[in-house]
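A.B. asks: Mind looking over this structure? Questions follow.
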């Protein structure tokens, strides 16, 4: 089913691939600014409160890169590090040991780890949405992306960005690998299960800089939806500091670089993976081939789309949010749809860029601009003097504060070097995306463990912030940084609705008062009784709190059961009577036809 397109644009459906390639060869080049620059970040009164959740150590300052959860109701979170380890933690922050160590002898042949740079070692990971679905093909499956040793000597002169079939010495490789959890130990991967899904081979200089990004599945896709089980793989342009004489490869369709790929990573017969039928360039050809058409491409025209996440707009549609690290002028937050071209290098953010590159706009594709940007001279805290220097966007999730009615549906993201934190209203971002303008972003202070608010890098006593974001199974937002010395993971008060059905205990498509009744009627029942249970275990007050968190995001009133024990039956009867007078207002989940599919 077709991906949601922007309502303000008249676009055609994807035509015959012969037309696609004729357009690829003869597309027009655009010059001049396409849309207005964003205003400077405004000052926010919101303070991002961070509370220490867990601490662990790594070798050689090889810090935390990614935080994920396993979709299994355990409440666990998992943190990957450059050195090759994935650490597991309980819902209370207790260490559960090493989930996977790809650097251990014999586990991942060719694995390389070079210091603490994000993409030089183990980087990002993603749990299959069927991880906890017994008997499903994705049961127990984890995917990682790692730096692996090249097959040839480095070539000091640029020849080509390409695949193993393209000219030029291959000087870097990245492997996407599938792993399966140990059947006898849920806190450990069975390392003998290793299966390579995809290997990306790159030639040219500085290829470790703008390389691989954050793996992700669409959390809002439901079994049976076209996008369910599809893995999104962001890849940068592979180069830095103007070392490439011609950036045309980012716009060309014959390679995966400067693109976001989308695949189904499960084995498909003789193929290591499959390509979704509605990928914009899917012509049924061989994968990652050299026929001028990379079927895996979902969208293109990016410099370094290192981070991405998903959120729902006001219509209930799932939107892909991509944080693209810019060049000399702009850091970008993009809303990305299937077939979008985001312009690099013909455009840098909302402004004209490299006029020597030619845009590729096949039938049905559109040139898109960021929903918000910031430049390379920004303050670190509200009211502070702007500071110039190296700049890189990092993101980020759309969150709400259940205890603050004025902080709803805000995209929280940051800037890596200075350690700045921002938020922007997601509805405004969606509106800006539809009109090729940029929404206002707001600069926040940070507080750690109840301390005085200030700049994050000052609070951790480091020259850089290097902050990252993740969410647990309940949607709670976490912040962590490889610069904290002890690799501290912080928890926030903010909640992202990243589970399509959390709290929908009667499985009717809405999180509403009817789900409270189902919870009430099943107190004390065994695990597995409730539909869409993200907490696991005997049905208790934790399940109520999960429902209440999502239901409260609709702005509806809820009863408060704050004790650590299940409320007495009399309390439940009284609460039920009170609930009868509360307006019936639920937070609907979208129908399959409206999702990112």
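In mature numbering (1 follows the signal peptide of the UniProt record, and there is no 0), the protein residues as written are -36 to -1, 1 to 561.
For every residue, glycine included, the Cβ atom is placed at its ideal position computed from N, Cα and C.
For the structure I just gave you, are there three or more beta carbon pairs, one from the segment 227 to 242 and one from the segment 271 to 283, closer than 8 angstroms?
C.D. replies: These segments do not touch.
A.B. asks: Does the distance from the CB of residue 91 to the CB of residue 63 come in under 8 angstroms?
C.D. replies: As a first step, residue 91 is located in the chain shown; it is residue number 127 there, counting from the start. As a first step, residue 63 is located in the chain shown; it is residue number 99 there, counting from the start. It is not a contact, given that the beta carbons lie outside the stated cut-off.
A.B. asks: Along the chain, where does the alpha helix (DSSP H) containing residue 481 start, and where does it finish?
C.D. replies: Residue mapping note: residue 481 aligns to position 517 of the chain shown, counting from 1. 477 to 485 is the span of the alpha helix (DSSP H), which, as asked, contains residue 481.
A.B. asks: Rounded to a whole number of angstroms, what is the C-alpha to C-alpha distance between residue 179 and residue 88?
C.D. replies: Numbered from 1 along the chain shown, position 215 holds the residue referred to as residue 179. Numbered from 1 along the chain shown, position 124 holds the residue referred to as residue 88. Roughly 6 angstroms between the two C-alpha positions.
A.B. asks: Answer yes or no: do residue 174 and residue 146 have a C-beta to C-beta separation smaller than 8 angstroms?
C.D. replies: Against the chain shown, residue 174 aligns to sequence position 210. Against the chain shown, residue 146 aligns to sequence position 182. The answer is no: Cβ separation not under 8 angstroms.
A.B. asks: Put residue 38 into one of helix, strand or coil per three-state DSSP.
C.D. replies: Within the chain shown, residue 38 is the residue found at index 74, counting from 1. Residue state, collapsed to three classes: coil.
A.B. asks: Got a sec? Which residues, its chain only, sit under 7 angstroms from residue 151 by beta carbon, not counting five neighbours each side?
C.D. replies: To locate residue 151, count along the chain shown from 1; it is residue 187. Here the set comprises 52, 60, 61, 63.
A.B. asks: Pull up the DSSP beta-bridge partners for residue 224, would you.
C.D. replies: Along the chain shown, one-based indexing puts residue 224 at 260. DSSP, once it has assigned bridges, lists 198, 263 as partnering residue 224.
A.B. asks: Let me check understanding here. Comparing Cα to Cα, which of 69, 74, 212 lies closest to residue 321?
C.D. replies: Working through the chain shown from its first residue, we reach residue 321 at position 357. Nearest of 69, 74, 212 to residue 321, Cα basis: 212.
A.B. asks: Measuring straight from C-alpha to C-alpha, what distance separates residue 436 and residue 300?
C.D. replies: Along the chain shown, one-based indexing puts residue 436 at 472. Along the chain shown, one-based indexing puts residue 300 at 336. Whole-angstrom Cα-Cα distance: 24 angstroms.
A.B. asks: Ordered along the chain, which non-local residues of its own chain (more than five positions away) have a Cβ less than 6 angstroms from that of residue 574?
C.D. replies: The structure shown does not extend to residue 574, since the chain is modelled only from -36 to 561, so the question has no answer here.
A.B. asks: Excluding five sequence neighbours on each side, which residues of the same chain lie with their C-beta closer than 7 angstroms to the C-beta of residue 495?
C.D. replies: For the purposes of this step, residue 495 is identified with residue 531 of the chain shown, where counting begins at 1. Same-chain partners within the cutoff: 468, 469, 470, 471.
A.B. asks: Buried or exposed for residue 259, going by 16 or more other Cβ atoms inside 10 Å?
C.D. replies: Working through the chain shown from its first residue, we reach residue 259 at position 295. With 16 or more other Cβ atoms within 10 Å, it is buried.
A.B. asks: Using the C-alpha atoms, what's the distance from residue 396 back to residue 298?
C.D. replies: As a working mapping, residue 298 is identified with position 334 in the chain shown. As a working mapping, residue 396 is identified with position 432 in the chain shown. For residue 298 and residue 396, the distance between alpha carbons rounds to 10 angstroms.
A.B. asks: Quick check on DSSP: helix, strand or coil for residue 211?
C.D. replies: On the chain shown, residue 211 is found 247 positions in, with the first residue counted as 1. Three-state DSSP puts residue 211 in coil, outside helix and strand.
A.B. asks: Please report the Cβ distance between residue 267 and residue 222, rounded to the nearest whole angstrom; I am assuming they are in contact, meaning their Cβ atoms lie under 8 angstroms.
C.D. replies: Residue numbering aside, residue 267 sits at position 303 when the chain shown is read from its first letter. Residue numbering aside, residue 222 sits at position 258 when the chain shown is read from its first letter. Sure, about 7 angstroms apart at Cβ, within 8 angstroms.
A.B. asks: List, from N- to C-terminal side, the alpha helix (DSSP H) runs of 4 residues or more that fit wholly inside the segment 282 to 344.
C.D. replies: Correct list: empty.
A.B. asks: Report back the beta-carbon spacing between residue 194 and residue 226 to the nearest angstrom; my notes put them in contact at under 8 angstroms.
C.D. replies: As a working note, residue 194 is residue 230 in the chain shown. As a working note, residue 226 is residue 262 in the chain shown. 5 angstroms between Cβ atoms; contact.
A.B. asks: Let me make sure I understand the geometry here. Which of 57, 84, 49, 56 has the alpha-carbon closest to that of residue 69?
C.D. replies: Your numbering for residue 69 matches position 105 in the chain shown. Among 57, 84, 49, 56, the Cα nearest to that of residue 69 belongs to 49.
A.B. asks: At 3 residues or longer, what runs of the beta strand (DSSP E) sit wholly inside the segment 394 to 474?
C.D. replies: Complete beta strand (DSSP E) runs here, min 3: 406 to 412, 431 to 435, 440 to 445, 452 to 459.
A.B. asks: If you draw a straight line from the alpha carbon of residue 131 to that of residue 219, how long is it in whole angstroms?
C.D. replies: Along the chain shown, read from residue 1 onward, the residue named residue 131 stands at position 167. Along the chain shown, read from residue 1 onward, the residue named residue 219 stands at position 255. Caution is warranted here: a pLDDT of 41 is assigned to residue 131, below 50, making its placement in the model unreliable, and the coordinate value is therefore given only provisionally. Rounded to the nearest angstrom, the two C-alpha atoms are 12 angstroms apart.
A.B. asks: Restricting to Cα atoms, I'd like to know which of 71, 141, 361, 513 is closest to residue 466.
C.D. replies: In the chain shown, the residue the question calls residue 466 occupies position 502. It is 513.
A.B. asks: Determine whether the beta carbon atoms of residue 109 and residue 176 lie at a separation below 8 angstroms.
C.D. replies: As a first step, residue 109 is located in the chain shown; it is residue number 145 there, counting from the start. As a first step, residue 176 is located in the chain shown; it is residue number 212 there, counting from the start. Contact: yes.
A.B. asks: Put residue 513 into one of helix, strand or coil per three-state DSSP.
C.D. replies: In the chain shown, counting from the first residue as 1, residue 513 sits at position 549. Three-state result, residue 513: helix.
A.B. asks: What distance in whole Å lies between the Cβ atoms of residue 37 and residue 497, which are believed to be in contact at a cut-off of 8 angstroms?
C.D. replies: Numbered from its first residue, the chain shown carries residue 497 at position 533. Numbered from its first residue, the chain shown carries residue 37 at position 73. Confirmed, about 6 angstroms.
A.B. asks: Considering only the alpha carbon of each residue, which of 159, 17, 148, 105 lies closest to residue 73?
C.D. replies: Numbered from 1 along the chain shown, position 109 holds the residue referred to as residue 73. Comparing Cα-Cα distances from residue 73 to each of 159, 17, 148, 105, the minimum goes to 159.
A.B. asks: Where does residue 160 sit, in a helix, a strand or coil, going by DSSP?
C.D. replies: Stepping through the chain shown from its first residue, residue 160 is reached at position 196. Looking at residue 160 - three-state DSSP - the assignment turns out to be strand.
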